[in-house]
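Participant: Counted from 1, the sequence shown has number 221 at position 221 by the UniProt record's numbering; the numbering is strictly sequential.
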Amino acid sequence: NVGFLLDSKLDWHFLDEGFTANDILDQKINEVSSSDDKDAFYVADLGDIPKKHLRWLDALPRVTPFYAVKCNDSRTIVRTLAAIGTGFDCAKITSVINPALDKYFPSDSGVRIIAEPGRYYVASAFTLAVNIIESSEQTFMYYVNDGVYGSFNCILYDHAHVKPLLQKRPKPDEKYYSSSIWGPTCASLDRIVERCNRMWAIGCSLRTWVLTLLLLLLPSMDSRVPPSTM
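(1) By DSSP, does D45 sit in helix, in strand, or in coil?
(2) Could you check the C-alpha separation between S179 and S151 for me, to the nearest Å?
(3) Tell whether a beta-carbon distance below 9 Å holds between W182 and R191.
(4) Taking just the CA atoms, how far does V43 sit from I24?
(5) With Y143 as the anchor, note down where its alpha helix (DSSP H) starts and where it stops.
(6) Between G147 and V193, what straight-line distance do the alpha-carbon atoms span, to the nearest angstrom?
(7) Return the CA-CA distance between T185 and V144, expressed in angstroms with no decimal places.
(8) Measure the alpha-carbon distance for A21 versus D45 and round it to whole angstroms.
(9) DSSP on R191, reduced to helix/strand/coil?
(10) Kindly confirm or deny that the region 76-83 and the region 97-111 touch, where touching means at least three C-beta pairs closer than 8 Å.
(11) Does DSSP classify S34 as helix, strand or coil?
(12) Identify which residue in F19, K175, L54 has its Cα closest to the Cα of F140.
(13) Under the three-state reduction of DSSP, which class applies to I181: helix, strand or coil?
(14) Return the chain-ordered list of same chain residues with a C-beta closer than 6 Å to the C-beta of I155, the five sequence neighbours on each side being excluded.
(15) In the structure shown, what three-state DSSP assignment does D102 receive?
(16) For the beta strand (DSSP E) holding D158, just list the boundary residues, first then last.
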């Protein structure tokens with residue numbers, strides 16, 4: 001069976017023998033093209049999901065897959081995965097864990113439940129200070145002496161967002177510019193802040209300290225070498 005998603009509504013249809021998902025795709029394109037509705041839409045082939053599951057079991061027989069529900073929480077998708085025996089990784093962890101603990105491990109059971117949170121406790125406690133080591137006057141790009149291959153690796157691996165703050169406040173009459181902040185490696189991925197619409201004046205000198213607020217573990221992290229740019 002095949003489903004198509006249009007305007008956040010998911011409709012499923014069983015196909016007659018000989019029809020494929022591509023046939024449905026062509027049909028929907030013709031329907032949408034002849035109407036005023038030009039929104040994008042998906043076509044999903046449910047039969048592909050069990051095939052992927054069998055391929056997984058063949059390649060990794062000892063690893064039980066837990067589907068990330070946040071990827072696609074369509075009821076039909078979830079029911080299909082449940083029918084073929086996958087587990088589920090739910091984003092709203094506490095809403096799932098707490099009822100399960102109460103049911104299977106009540107407080108008087110004597111079972112000690114532990115967890116290993118890290119960034120949850122320390123992220124907001126740290127502010128990293130970095131030094132501007134170079135600037136590009138033509139494009140208002142600032143380079144600092146730490147980047148995504150050091151203390152800012154949470155940008156690469158956890159999609160964290162950082163907020164730059166100048167240590168010394170600019171004068172009230174100073175002009176602001178749209179700017180970006182980069183790490184020291186010159187790698188294309190070593191971008192700390194993509195765009196700041198109200199960045200400090202371009203006249204700030206090198207060696208100016210920038211205090212950057214970010215979600216970060218303790219700064220004693222592994223040093224990572226940037227990938228080759230070739």
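The beta carbon of each residue, even a glycine, is placed where N, CA and C say it ideally should be. Owing to the predicted nature of the structure, the values given are computational and were not obtained by experimental measurement.
Facilitator: Inspection of the coordinates gives the following:
(1) Strand, per DSSP.
(2) 21 Å
(3) yes
(4) I24 and V43: Cα-Cα distance of roughly 8 Å.
(5) From DSSP, Y143 is part of no alpha helix (DSSP H) but of the beta strand (DSSP E) over 141-144.
(6) 10 Å
(7) 10 Å
(8) Between A21 and D45, the C-alpha separation is close to 6 Å.
(9) Note: R191 maps to strand in three-state DSSP.
(10) no
(11) coil
(12) K175
(13) strand
(14) Listed in chain order, the non-local C-beta contacts of I155 below 6 Å within the same chain comprise V148, local neighbours out to five positions each way being set aside.
(15) It is helical.
(16) Careful: D158 lies outside any beta strand (DSSP E), inside the alpha helix (DSSP H) at 153-158.
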